[in-house]
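Chemist: One structure, pasted below without further comment.
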Amino acid sequence: MATQHSRSAARLMMTPAVVLLLGWMLVPLLMTLWFSFRRYLPLRGGDLGWAGFDNYVRFVTSSAFWPSVQTTLILVGGVLAITIALGVLLALLLDQPMWGQGVVRILVIAPFFVMPTVSALVWKNMFMDPVNGLLAHLWRFFGAEPVAWLTDVPLASIVLIVSWQWLPFATLILLTAVQSLDSEQLEAAEMDGARPLSRFAHIILPHLGRAITIVVLIQTIFLLSIFAEIFVTTGGAFGTRTLTYLIFQRVLESQNVGLGSAGGVYAIILANIVAIFLMRIVGKNLDR
Amino acid sequence: MGQITLEKVTKSFGEVEVIPPLDLTIEDGEFCVFVGPSGCGKSTLLRLIAGLEDITSGAVRIDGQDASDTPPAKRGLAMVFQSYALYPHMSVRKNIAFPMRMAGIPAEEQTRRIDAAAKALNLTDYLDRRPGQLSGGQRQRVAIGRAIVREPAAFLFDEPLSNLDAALRVGMRLEISELHERLKTTMIYVTHDQVEAMTMADKIVVLRAGRIEQVGSPLELYRAPRNLFVAGFIGSPRMNLIEGGVAQQNGAHTLGIRPEHIDVVADGPWQGTVGVAEHLGSDTFLHVHDTGLAEILTVRATGDIELRHGDRVNLAPREDQLHRFGPDGLRIA
Amino acid sequence: MGQITLEKVTKSFGEVEVIPPLDLTIEDGEFCVFVGPSGCGKSTLLRLIAGLEDITSGAVRIDGQDASDTPPAKRGLAMVFQSYALYPHMSVRKNIAFPMRMAGIPAEEQTRRIDAAAKALNLTDYLDRRPGQLSGGQRQRVAIGRAIVREPAAFLFDEPLSNLDAALRVGMRLEISELHERLKTTMIYVTHDQVEAMTMADKIVVLRAGRIEQVGSPLELYRAPRNLFVAGFIGSPRMNLIEGGVAQQNGAHTLGIRPEHIDVVADGPWQGTVGVAEHLGSDTFLHVHDTGLAEILTVRATGDIELRHGDRVNLAPREDQLHRFGPDGLRIA
Amino acid sequence: QDSSITIATVNNGDMIRMQGYTDEFTAETGIGVEWVTLEENVLRQRVTTDITTKGGQFDIMTIGMYETPIWGANGWLVPLDDLSAEYDADDILPAMAGGLSHDGTLYAAPFYGESSMIMYRTDLMEAAGLEMPESPTWEFVREAAIAMTDKDNEIYGVCLRGKAGWGENMAFLTAMSNSFGGRWFDEDWRPQFDTDAWSETLNFYIDLMNEAGPPGASNNGFNENLSLFQQGKCGMWIDATVAASFVTNPEESSVADSVGFALAPNTGLGRNANWLWAWALGIPAGTDQEAEAKQFIEWATSKDYIQLVAENEGWANVPPGARSSLYETPEYQEVPFAEMTLQSILTADPLNPAVDPVPYVGVQFAAIPEFAGIATQVGQEFSAALAGQTSPEEALENAQAIASEEMEAAGY
Amino acid sequence: MARAVKSQRKVLNTGLAWTIGLVIFFPILWTILTSFKTEAEAIASPPIFLNFSWTLENYAVVQERSDYMRFLINSVIIAGGSTVLGVIVAVPAAWSMAFVPSARTKDILLWMLSTKMLPAVGVLYPIYLLFIRLGILDSRVGLVIVVMLINLPIIVWMLYTYFREIPGEILEAARMDGAGLREEILYVLTPMAVPGIASTLLLNFILAWNEAFWTLNLTAAKAAPLTAFIASYSSPEGLFYAKLSAASTMAIAPILILGWFSQKQLVRGLTFGAVK
Ligand SMILES: Nc1ncnc2c1ncn2[C@@H]1O[C@H](COP(=O)(O)OP(=O)(O)OP(=O)(O)O)[C@@H](O)[C@H]1O
Ligand SMILES: Nc1ncnc2c1ncn2[C@@H]1O[C@H](COP(=O)(O)OP(=O)(O)OP(=O)(O)O)[C@@H](O)[C@H]1O
Ligand SMILES: [Mg+2]
Ligand SMILES: [Mg+2]
């Protein structure tokens, strides 16, 4: 395939995308790095000089730091677990013959189109509100005390909302993967005496490995930067403050850009740890 | 034990009847080959026997027992699929072990059988590879290995060699034949390859559109095709079919003569011009035009004959090898 | 015009030298076939000629002109790919027109050539279909049509028939041969199919691991293979190779005899037991064990011989068809 | 139209109403208006980012009493010291003008102002056999709340803010602590969450809410409480005076005809638990539409505008709390909550909010740049305490730690 | 080619799938329903499902309050522009990676993806300052570029997986047929990848449409899209469920409709090479 000519053409054609992304990465990154070493307090008049590693030290030693890392991981992990588990089941179900498959698929896919802000607003006000929310009505209908979702189980509620938004994505990718499974393989397993559960565990699940990895990768990237859902629902209270949200508070609520930038650098480090970890798996799975 | 009997078996997909009522018995230990043009229902028939499709009516008996409602896993049959259907995420060893694992066979017994199968199939060195790291022939053998360890009543093969290249196919063909010699287990084998059918089968079943056209040993079919369809289908290159005057003189509507039964002679009853002459070294295939008998007459001459494009030839059919067919296409005895 | 010369051409992928220095001349109008085992560099060689890969050193000359640095589009060669590589989004007509469109040939001229090609290839009725709506053989013809209209200096074919089923392959093989008869354009054809190589080639190039083992006409290779590799590679079934006493008596380290040159006789110099007997009707292939000569001796008997597994046979080699090879594997003249 | 100005504004009712009258302004002056309407918190971030970076996106920003003095001190706002005579800047209520000025110069014109007060259900109060004094104590409020609570019928004695945020629960709690003798910082800028006053405040608040508050109160802000009250689920609600017009509006409120008003409670220490706030219009320095922007501000915060709204929508719907003259208008005095609103505003003093002296300006906040960040985090601690996730003592300890940490970092 | 499924099984599947589908869809359905209620009906207890007096008043109010069309047009321009621009930049890059792979191809791909991990809030100030410097605050151009950059990695990846499914032989055939690089991409690759490109366009249109951080923070009046429109409804004084629902419905309706009509293409594109 590759001649000298095509290789240099390839390099040339990669250039715009690479240069743009490099710029998009480097310019803000360098500025963030710069700010992170400055006492940059906009409300006090802006850049007040060199701060050394003060911002870094303050950011990690602040009592909010480790809980926020933990919250981030729980949120990402929780949503991944839910969307993948339910996504696999739903994909298997949707792969079965049924009436109105197309319509069901449309119903399932719909949450993916809803803006995060809208979905957070709708869930918060119309479903999770402990007095007027539909879930409260439902609980009362069954004679139970309504749950104050966003107070009593705030992180779980946010995980629920975010999972609702991302379930369609996981389901669709997994569905196409399920459909690509060679039916002869399932038949072979059947001939080999595997019962449905064994077929699922030994044939279907391993086949979905690659698709699951990709769901994990893409969703993680988006989930690490979840913001609107928290902003609208709890505003970071009750232990729902993720690292992203903490940075937001430092930058925009406390108006301490230096500190926030240091946080940003930490977040990049965290994201990269997660990414390297992920890409190890993905890289392996992509090669398969 | 592995006698398989189909009794008035039919199969419809929705409105379409793919298999009209069909009776067939495959004896224990027999190597039975299904051949027929694409879409004639070979795979469907195999899958009905395997239990992967439900029969619409009739009965499938295995060793006399009605198995029509038995699930595939319980029929005691093993199937080798066209795509091999190996489990890509399992090592060869795990692939072969899978049916035993499902049957709950103890680990030592599994190991024993795997080792035996691997030895028999020359797979010992590859037991820890994944299917993706194997060549076509090796995959084929793994698929067979997976079938063998179950010690099935019969093996079902659906075009198992069609994904292999020509050279490998010859080798694998022999291996399967030898396997059959050794195990003496019933085998049902679907193929659309002439040579495979002829060389491997104890019994060939020729299908067309779900109907059985002829059942018999390879040589029966070669020597006495029951009708034009079978005549044309069995033998390579195809039998030459001649209509018109010459046929009538021989008391037939259509006269069939195989390429290998026409000799190039100095002075014969038929003449023509050589079109393409294919020199294989061992044989020469002549495509002869302008004979006035059929558009092209194919002639096989043994060894290498120095004939080129455009040469005139004289041809003589072997009189005892003529096949006569009536206007209905049936053989005239 | 289309003489192609390779001068000390080498090709390495990274560290691996796939083609060691290689010289070869293909004359104008010649039908040259590359054969060799899988991975020996056939495709690579063809792609070097096409310009789809850069040569590492040496020179490719087309009609004497150094074309080593000419991009593929400028070399005036046409290639037919194994997968045909038709443009799925274009109709047959557009597919065939594409190279002319790229060359900026006027529309009327395009139409004229398309119609001519379609007529020659029996594609006239399909010009408005998409490739997806065509059968394998028709696609093959479109690919050839696309190559023809460019009126190239030479055609390059990379296993063009390997995706077709056996029956179609025979037909297409004939069509390509006829095309060559008609156009008299240089053709380079890669295959691993024995029969294709033997029947189509003016000249066969046998490759092993990037090296040329022998160049010659099909019958030269069949009759006088230069070494054991070519002897084993050309001819189907493979030549029997015998070492030891009998070979030494014949003044050779290894003695070769083709299956078709061993006769089953009532009383012959060699004896053995029949293993598998493959009855094709037209021929019978016997795999004979226990001859004391080689593990298995393959024998081809014309017609159908009533021999079964386990029968004892007497065999006689045709003395004039023995091939003698020295300890270095080279033919002893 | 010759020119056009861009105004960032908050999405509350009075502002939305003003947008409806923009055409009149354009017709009068030929100046077009582009609105950027955002939710309060989003608005605050947007305008803050823009003003600190000199982005120049807006010609007028809607800001509050917290931002104005800080921004004014930084020279980011155009001083509004040259407003026309007919505008009558002296008519602005002194408490409002004071909160929107820096060094005596007005930097933003109040569109409306508010304090907080008790809104209560006269019918429930009566049923409980109690009578609301003009200026109740916290003890009375607790007593009344418990008496009115009927959880089976979803009636809760008192609805208070619980949602975390410096403008949400902290506005309320800071004002409440003022009445308990607490303050944010002492004269040396030392945070005061370790004092008894704060401990009493928080414990009282949490006990009260547990006994007589609605479920999920820790997520309730102004909006949630408003809708609870309108649905008749609250006996009392202590919140912004502007709410009065909503709860007495029969179109929205099911209890419109049985609402009474009282001053925010106290503990007899001389401070009531009411705050002071204004949404005001300011002009970022450096805008090239300064004259037009001023023109708009003069129009929107003028007496004429009040008149305009009164004519079209009735006196109850005019923007309250900004001008003295409004409270002298006889028609407005008819409005049931007018008087109590004015009284509440008058009892709040941004310069002396607490019982003890403080180094900062602001009743329910301290007008220093760090405040919003600290208070929001403190608010989250208190909200968690209300939800029962931490004890009040822990919450106060954390609050003290957060505040000390941040103040130290800020160099106080 | 499974066995004929027992119709009992099919009934069960259908019932289960519809139930789950409706549960998942319910929040959206409820929002749409609520948008046609009066405020009082919206918070009625017990909740009213269908027998309320359908009214369009909420839509009228929302429209009066904010000029919906302006936001809509901005959304369309930003989402459409960034997607198209992204594809134009990404096609050559994806071509290179798919057809002239080198040892670093996968690294580059994953690196591109990693640029998406930069926390947006952390770089808000830098980007804001940059935009002021460039004078593209509150301009559609600025947003088109930013949103394009945000989605570029995803676009490249999707196209890459698509292109990899196209046999290289076809491009080689084009080269043999005399096509230059430009013709190869324009006449052969792109048309062959049309389904893939279409689904890439769709998915990224949706992602761009829903991008809420930059579109909110870098716009004021002129370029504000629907994400800014909805930001003014998040917490008005009083909980106006019906109006909130109307505004929400208006914000998601266009993309919902687009998504539904094109879900086949979308689904095909959503594989990210998950299916080999
Ligand atoms: N699940 C199905 N639904 C409907 N028709 C089917 C189904 N499976 C097979 N058929 C039809 O039944 C007929 C027989 O198919 P079958 O696969 O058995 O043919 P075959 O002989 O194996 O052909 P080939 O040589 O191409 O594999 C065909 O006409 C096919 O279209
Ligand atoms: N791009 C490449 N990079 C590295 N090695 C390559 C590349 N292309 C081919 N090779 C190696 O070069 C050798 C020759 O390959 P080539 O495809 O020419 O074989 P071939 O004779 O055409 O085989 P086949 O009959 O299987 O098509 C093989 O060992 C192959 O692995
Ligand atoms: Mg089949
Ligand atoms: Mg090759």
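Residue numbers (this note's numbering), protein chains in the order written: chain A, 5 to 292; chain B, 279 to 611; chain C, 279 to 611; chain D, 3 to 414; chain E, 1433 to 1708. Virtual Cβ for every residue (Gly too), placed ideally from N, Cα, C. Keep in mind it's a predicted model, so treat the numbers as computed, not measured.
#1: Please work out which residues of its chain come closer than 8 Å, Cβ to Cβ, to T288(B), disregarding the five sequence neighbours upstream and downstream, and give them in chain order.
#2: Going by alpha carbons, who is nearest to S137(D) out of A177(D), P267(D), G167(D), I240(D)?
#3: At least one CB of chain A closer than 8 Å to the CB of P350(B): is that the case?
#4: Answer with yes or no whether the minimum CB distance from S220(D) to chain A is below 8 Å.
#5: Using the Cα positions of K1503(E) and R123(D), report the straight-line distance between them to the nearest angstrom.
#6: By the 10 Å Cβ neighbour count, where 16 or more other Cβ atoms means buried, how is M1433(E) classified, buried or exposed?
#7: Mind checking if S202(A) is an interface residue toward chain B, Cβ cutoff 8 Å exclusive?
#8: Starting from the Cα of F603(C), find the closest Cα among A572(C), R504(C), D582(C) and give me that residue.
#9: Leaving out five residues before and five after L24(A) in sequence, what residues of the same chain have Cβ atoms less than 6 Å from its Cβ?
#10: Any Cβ of chain B within less than 8 Å of the Cβ of S321(C)?
#11: Could you list which residues in chain C have their beta carbon closer than 7 Å to that of A1611(E), in chain order?
#12: Using a Cβ cut-off of 9 Å, which residues of the stretch 51-74 of chain A contact any Cβ in chain D, in chain order?
#13: Taking only beta-carbon atoms, is H4(A) less than 8 Å away from chain E?
#14: Taking only beta-carbon positions, decide if V1553(E) is within less than 8 Å of chain C.
#15: For chain A, is any of its Cβ atoms less than 8 Å away from the one on P377(B)?
#16: Report yes if the C-beta distance between N311(A) and L1698(E) is below 8 Å; otherwise report no.
#17: Could you pull out every residue in the same chain whose Cβ sits closer than 6 Å to the Cβ of E333(D), ignoring the five residues on either side in sequence?
#18: Would W153(A) pass as an interface residue toward chain E - the criterion being a Cβ-Cβ separation below 8 Å?
#19: Can you give the Cα-Cα distance for D582(C) and L497(B), rounded to whole angstroms?
#20: Check the DSSP bridge columns for I466(C) and list the partner residues they point to.
#21: Quick one: what's got a C-beta closer than 8 Å to Q416(C)'s C-beta in the same chain, skipping five residues either side?
#22: Using a strict less-than 5 Å threshold between each residue's beta carbon and the heavy atoms of ligand 2, what residues do you get?
#23: Please look up how many angstroms separate the CB atoms of S346(D) and N251(D), rounded, as I've assumed it's under 8 Å.
#24: Could you spell out the range, first to last residue, of the alpha helix (DSSP H) harbouring L1439(E)?
#25: Could you pull out every residue in the same chain whose Cβ sits closer than 7 Å to the Cβ of D326(C), ignoring the five residues on either side in sequence?
#26: Less than 8 Å between C-beta atoms, sequence neighbours within five positions excluded: which residues of the same chain meet that for T463(B)?
#27: I want to see whether chain C comes within less than 8 Å of E556(B), judged by CB atoms only; does it?
#28: For the putative contact between W140(D) and F206(D), defined by C-beta atoms under 8 Å, what is the C-beta separation to the nearest angstrom?
#29: Does DSSP put Q281(B) in a helix, a strand or coil?
#30: Across the stretch 121-135 of chain D and the stretch 229-249 of chain D, are there enough close Cβ pairs to call them in contact, namely three or more that are closer than 8 Å?
#31: When the cut-off is 8 Å and only beta carbons count, does Y404(B) lie next to chain C?
#32: Please return the same chain residues whose Cβ sits closer than 6 Å to the Cβ of P515(C), not counting the five positions on each side in sequence.
#33: Does the beta carbon of D471(C) fall short of 7 Å from some heavy atom of ligand 4?
#34: Would the beta-carbon of L79(A) fall within 8 Å of that of I162(A)?
#35: State buried or exposed for Y400(D), treating a residue as buried only when at least 16 other CB atoms are found within 10 Å of its CB.
#36: Excluding sequence positions up to five away, which residues of its chain have a Cβ less than 7 Å from the Cβ of H567(C)?
Modeler: According to the structure data:
#1: E295, I297, P298, P299, L300, I333, T334, S335, G336
#2: P267(D)
#3: yes
#4: yes
#5: The amino acid at residue 1503(E) is misidentified as Lys; the sequence shows Phe. Straight-line Cα distance between these residues: approximately 42 Å.
#6: Caution is warranted here: a pLDDT of 37 is assigned to M1433(E), below 50, making its placement in the model unreliable, and the coordinate value is therefore given only provisionally. With fewer than 16 Cβ atoms within 10 Å of its Cβ, M1433(E) is classed as exposed.
#7: yes
#8: R504(C)
#9: none
#10: no
#11: A351, M380
#12: D58, R62, T65, S66, S67, A68
#13: The requested residue 4(A) is not part of the displayed model; chain A covers only 5 to 292.
#14: no
#15: yes
#16: Because chain A here runs from 5 to 292, residue 311(A) falls outside it and cannot be looked at.
#17: W317
#18: no
#19: 8 Å
#20: C310(C), L434(C)
#21: L401, Y404
#22: F291(C), V296(C), S316(C), G317(C), C318(C), G319(C), K320(C), S321(C), T322(C)
#23: Between N251(D) and S346(D) the Cβ distance is about 19 Å, and since that is not below 8 Å, they are no contact.
#24: Looking at the sequence itself, residue 1439(E) is Ser, so the reference to Leu does not match. Start and end: 1439-1466.
#25: The identity of residue 326(C) in the sequence shown is Leu, whereas the question assumes Asp. Only V287, K289, I333, V338 meet the Cβ criterion.
#26: G280, G307, P430, A431, A432, F433
#27: yes
#28: 6 Å
#29: coil
#30: yes
#31: no
#32: P537, T576
#33: no
#34: yes
#35: A small correction: the amino acid at residue 400(D) is Asn; Tyr does not occupy that position in the sequence shown. It counts as buried.
#36: G550, T551, G553, I574
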